[in-house]
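Heads up: the sequence shown begins at 0 in numbering that gives the first Met the number 0, then just goes up one per residue.
Yeah, the Cβ is synthetic: ideal placement off N, Cα and C, and Gly gets one too.
Remember, predicted model here, so these are calculated numbers, not experimental data.
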Amino acid sequence: MATEMTCRPAAQSEGVVIAFPSGTGTANIERCARELGRRHGADAIAFWKAECRRLADQLLAAGMPESDVGERVLQFQQDVQIELVLSHQNGPLPKSQNR
0 MATEMTCRPA
10 AQSEGVVIAF
20 PSGTGTANIE
30 RCARELGRRH
40 GADAIAFWKA
50 ECRRLADQLL
60 AAGMPESDVG
70 ERVLQFQQDV
80 QIELVLSHQN
90 GPLPKSQNR
């Protein structure tokens with residue numbers, strides 16, 4: 000799974016580090032997997048599209064280049080898919096338990 004935060008250094012002359020949420024973090028990945036596990040059909044599709052768009056909008060607003068945003072959203076999609084598979088194999092975990 001993705002780590003909670005990743006750092007992306009700014010241009011060398013700027014001398015600052017900008018923190019971005021990775022794929023939005025473990026809690027959001029687990030939340031999305033739970034929601035997708037209980038939704039079906041058009042409702043699941045609408046939820047999923049809205050979540051991916053929300054993530055992309057957040058990353059763009061934070062200043063991430065569009066090319067990186069696409070990669071980050073794809074990683075998020077993969078992380079949620081893995082969480083869905085694990086939850087179906089092992090049964091859902093309580094909200095307070097982390098993987």
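Of the residues the options, the one placed nearest residue i, counting alpha carbons only
i          : options        : result
residue 69 : 53, 40, 33     : 53
residue 75 : 87, 48, 39, 42 : 48
Chain-order list of residues whose beta-carbon lies under 6 Å from that of residue i (same chain, five-residue window excluded)
i          : result
residue 31 : 50, 79
residue 43 : 35
DSSP three-state assignment for residue i, whether helix, strand or coil
i          : result
residue 87 : helix
residue 30 : helix
residue 24 : coil
residue 62 : coil
residue 37 : helix
residue 79 : helix
Local Cβ density within 10 Å of residue i, reported as buried at 16 or more and exposed below that
i           : result
residue 89  : exposed
residue 162 : Within the shown structure, residues of the chain are numbered from 0 to 98, placing residue 162 beyond reach of any answer.
residue 87  : exposed
residue 22  : Residue placement at residue 22 cannot be trusted, given a pLDDT of 45 that sits under 50; the coordinates are not used to answer.
Cβ separation of residue i and residue j, assumed to be a contact under 8 Å, to the nearest whole Å
i          : j          : result
residue 72 : residue 60 : Residue 72 to residue 60, Cβ: 14 Å. No contact.
residue 35 : residue 83 : 6 Å
residue 46 : residue 38 : 6 Å
Beta-carbon proximity list for residue i, same chain, < 7 Å, skipping 5 on both sides
i          : result
residue 66 : none
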